[in-house]
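Protein chains: 2
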Amino acid sequence: MSGVEERETAVGGGLSHRVPDLGGLELLLAVARLGSLGGAARELGITQPAASSRIRSMERQLGVALVDRSPRGSRLTDAGALVTDWARRIVEAAEAFDAGAQALRVRRDSRLRVVASMTIAEYLLPGWLLALRAGRPDTAVSLHAGNSATVAERLLSDEADLGFVEGLTVPSGLDSVVIAHDHLIVVTAPGHVWARRRRPLEAAELAATPLILREKGSGTRQVLDAALGGLARPLIELSSTTAVKAAAVSGAGPAVLSELAVGEELALRRLVRVPVAGVSLARDLRAVWPTGHRPVGPARDLLSLTRD
Amino acid sequence: MSGVEERETAVGGGLSHRVPDLGGLELLLAVARLGSLGGAARELGITQPAASSRIRSMERQLGVALVDRSPRGSRLTDAGALVTDWARRIVEAAEAFDAGAQALRVRRDSRLRVVASMTIAEYLLPGWLLALRAGRPDTAVSLHAGNSATVAERLLSDEADLGFVEGLTVPSGLDSVVIAHDHLIVVTAPGHVWARRRRPLEAAELAATPLILREKGSGTRQVLDAALGGLARPLIELSSTTAVKAAAVSGAGPAVLSELAVGEELALRRLVRVPVAGVSLARDLRAVWPTGHRPVGPARDLLSLTRD
DNA sequence: ATGAGGGCATAAGCTGTCTTTATGAGCGGT
DNA sequence: ACCGCTCATAAAGACAGCTTATGCCCTCAT
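Encoded structure:
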């Protein structure tokens with residue numbers, strides 16, 4: 001209730017003022033791994049005083065001692081070990097971001113050109129790219145995102161070497177292999193009536209209720225319409241998974257989304273899964289390529305990483 | 001193969017030079033949500049030119065156009081939508097970090113004092129704290145991490161209101177309720193012989209092989225020793241889950257860890273799960289409190305969030 | 001004992017980034 | 001035609017982080 005506390009929570013955002021920047025977190029991880037400030041500094045290509053000062057400023061910012069300094073090295077405190085583990089999650093997310101972002105740059109010299117549907121590009125590809133980078137560090141990948149039609153088009157016009165789609169059907173002219181299974185699920189904000197519901201929803205009830213949906217033509221919408229016999233009733237139609245999630249979290253109504261998209265939200269209880277019965281909302285995720293042109297080289301490397 | 005490219009990948013670290021900082025990512029999320037640079041700027045408490053310049057510098061850094069500007073607002077480009085979703089993962093990890101870090105500060109006025117074992121504090125508590133903050137924004141939580149004995153000690157001396165343990169036994173003097181189930185799993189680096197193994201490991205084989213383990217006395221080690229009859233043979237003993245994971249990832253040998261701890265690593269294929277048969281490596285995660293003092297108020301709120 | 005080496009802290013100066021203030025320009029509805 | 005919204009540009013100030021240059025502490029080997 002103090003003025004400061006009030007403002008801190010009222011501002012709400014300002015995360016970047018309470019969380020050390022990525023450079024600081026990387027430094028902390030290096031200190032944890034190497035057991036020495038100077039060693040960590042060397043690894044990151046900065047000087048020892050810079051590392052010392054930076055760790056100290058993180059400790060000031062967090063209000064917690066992170067490392068025990070001694071004349072023969074530095075070890076994490078108990079709190080420091082916790083903070084370091086939480087920091088690792090941020091850095092891993094940043095690594096995935098980096099792998100994805102590098103692939104988004106249009107480069108003519110890419111040895112592997114991938115085109116993928118949105119959901120796959122958002123939730124699965126960064127991980128695959130990281131794994132690929134670990135195994136084949138010199139493979140330059142470029143990524144283009146689009147719907148199933150776009151994927152087919154770019155593959156057939158030789159603008160891409162490997163594609164990923166999430167629809168019900170495989171575009172003609174393409175061979176495919178199933179690489180994972182996905183389910184659409186119904187979710188609501190925790191405050192919604194359905195959030196407390198134990199008895200599964202029936203198809204009729206789902207079809208009769210206005211839902212927050214992706215636009216017609218999206219892979220997600222295709223599957224839902226097919227499952228309900230083309231009857232899905234939109235409360236609003238939004239053009240991205242993100243917008244649908246945001247609307248559902250804010251309590252606008254129930255939404256239908258891939259379980260890939262809402263893992264985090266379910267874990268944090270920002271959204272609640274509503275049980276459904278008698279409706280087939282499963283779909284396959286597939287890798288695709290032009291008929292007959294079985295993937296070779298880098299494309300084959302990536303494909304082998306996607307096996308679940 | 002160019003000089004610049006060479007250096008970028010050779011440095012390897014330097015993540016913070018290729019990924020925008022948290023402030024920039026938050027700004028991008030706000031732009032995506034509000035559809036306007038100026039609106040996002042207002043929400044974050046900065047001026048419109050600052051937002052404009054910052055978004056522009058992110059686009060320069062990533063080499064990709066993120067937003068389509070128009071005289072009546074800004075919308076994300078396709079690439080921008082992808083980048084924004086990847087950015088959201090980073091920001092969510094940062095929110096968990098923040099929730100945890102705030103709880104680590106020692107504050108006398110905390111209305112809820114929690115003491116938890118390491119694994120739970122590392123992997124589950126931040127999410128619970130975020131959910132608690134969402135539902136009860138004014139609950140100040142403080143967190144202390146330690147082993148089972150520490151948890152019991154602090155609860156019984158009234159230094160904590162609610163505890164979480166992961167061992168096989170409940171310390172005497174405490175009541176408990178099971179809040180989740182956990183399994184220890186055997187993992188190796190992808191290059192290890194066991195990584196390609198299909199036939200499950202037997203207890204005898206596991207007991208005969210030197211493993212990367214937590215130190216004796218840790219919850220993880222207790223469960224493993226019990227399951228193998230006290231026979232676990234350490235290749236090395238390390239004092240943190242983190243260190244065990246790092247050793248396993250680097251290929252030092254097979255490790256035994258909670259599946260909570262290696263979710264990310266398995267998804268990114270940095271580690272591979274080795275099937276095991278005939279060994280009971282399950283354990284319960286429990287909330288605990290002094291016998292008779294059933295949790296009330298904030299403690300009860302938190303407890304109700306942990307139900308799986 | 002004593003000197004060498006590794007480890008950390010402090011001080012001073014520099015540089016770059018991000019910010020604000022001030023202003024201009026495009027588009028749309030009234 | 002004007003007002004309101006949007007975004008862009010330019011100039012100047014504030015701040016954070018880095019480097020260089022030291023000094024102290026501890027340990028180990030000579």
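First to last, the protein sequences are chains A and B.
Under full-length UniProt numbering, the first residue of the first sequence is numbered 1, with each subsequent residue one higher.
Under full-length UniProt numbering, the first residue of the second sequence is numbered 1, with each subsequent residue one higher.
For every residue, glycine included, the Cβ atom is placed at its ideal position computed from N, Cα and C.
A quick note: this is a predicted structure, and the numbers were derived from the prediction, not measured.
Item                                                                                                                    : Value
Simplified DSSP state of B:Ala261, which is helix, strand or coil                                                       : coil
Interface residues of chain B facing A:Ile179 [CB-CB closer than 7 Å]                                                   : Within 7 Å Cβ-Cβ: nothing; A:Ile179 doesn't reach chain B, min ~14 Å.
Integer Cβ distance of A:Phe164 from A:Leu285, believed to fall under 8 Å                                               : 7 Å
Within chain B, partners of A:Arg89 - CB distance below 8 Å                                                             : Ala93, Ala96, Phe97, Glu264
Counterpart residues of B:Val193 in DSSP-defined beta bridges                                                           : Paired residue(s): none; B:Val193 is not in a bridge.
Any chain B beta carbon closer than 9 Å to A:Arg33                                                                      : yes
Residues that B:Asp85 contacts on chain A, provided the C-beta gap is smaller than 7 Å                                  : Glu122, Thr242
is_contact[residue 335 of chain B, chain A] using C-beta, thresh 9 Å                                                    : A query on residue 335 of chain B cannot be resolved here, the shown segment of chain B reaching from 1 to 308 and no further.
Residues of its chain near B:Ser2, where Cβ-Cβ distance is below 6 Å and the 5 sequence neighbours each way are ignored : Low local confidence applies: a pLDDT of 37 at B:Ser2 is under 50, so the model's placement there is unreliable, and no value is given.
Burial state of B:Glu159, where buried means 16 or more other Cβ atoms lie within 10 Å                                  : exposed
Span of the beta strand (DSSP E), counted from its first residue to its last, around B:Pro290                           : 282-290
Cα-Cα separation, A:Ala203 to A:Leu224                                                                                  : 11 Å
Element boundaries [beta strand (DSSP E), containing B:His181]                                                          : 174-188
Cβ of B:Ala246 within 9 Å of any chain A Cβ                                                                             : yes
Beta carbon proximity, B:Pro298 to chain A, threshold 9 Å                                                               : no
A:Val305 versus A:Thr209, A:Ala134, A:Ala232, A:Leu206, residue with shortest Cα-Cα distance                            : With the sequence shown as reference, residue 305 of chain A is identified as Leu, and Val is not the correct amino acid for it. Of the listed residues, the one whose Cα sits closest to A:Leu305 is A:Ala134.
Reference B:Gly229; option with closest CA among B:Ile236, B:Leu235, B:Arg221                                           : B:Arg221
Three-state secondary structure (DSSP) of B:Glu166                                                                      : coil
Check whether A:Thr84 and A:Ser258 have beta carbons under 9 Å apart                                                    : no
Assigned secondary structure, B:His17 (DSSP; H/G/I helix, E/B strand, else coil)                                        : helix
Complete runs of the alpha helix (DSSP H) confined to the stretch 118-160 of chain B [at least 4 residues]              : 118-123, 125-135, 148-156
For A:Leu66, three-class secondary structure by DSSP                                                                    : coil
B:Leu302 beta carbon less than 9 Å from that of B:Trp128                                                                : yes
Buried versus exposed, by CB contacts within 10 Å (16 or more), B:Ala277                                                : exposed
Three CB pairs or more closer than 8 Å across the stretch 91-105 of chain B and the stretch 109-119 of chain A          : no
Cβ of A:Ala227 within 9 Å of any chain B Cβ                                                                             : no
Which of helix, strand or coil DSSP assigns to A:Pro171                                                                 : coil
Closer than 7 Å at the beta carbon, the chain B residues around A:Gly63                                                 : Arg105
Three-state secondary structure assigned by DSSP to A:Arg307                                                            : coil
Residues near A:Ala99 in its chain [Cβ-Cβ closer than 7 Å; skip 5 each side]                                            : Pro126, Leu129, Leu130, Arg133
Contacting residues, own chain, Cβ-Cβ under 7 Å from B:Val11 (five flanking each side not counted)                      : In this prediction, B:Val11 scores a pLDDT of 43, lower than 50, which makes its location untrustworthy; no coordinate-derived value is stated.
A:Leu231 classed as buried or exposed, judged by whether at least 16 other C-beta atoms fall within 10 angstroms        : exposed
Distance, A:Gly219 Cα to A:Pro295 Cα                                                                                    : 24 Å
Within 9 Å, strictly: CB atoms of A:Val31 and A:Ser74                                                                   : yes
Under 9 Å between C-beta atoms of B:Ser157 and B:Ala287                                                                 : no
Sheet register partners of B:Ser74 (DSSP bridge)                                                                        : B:Arg69
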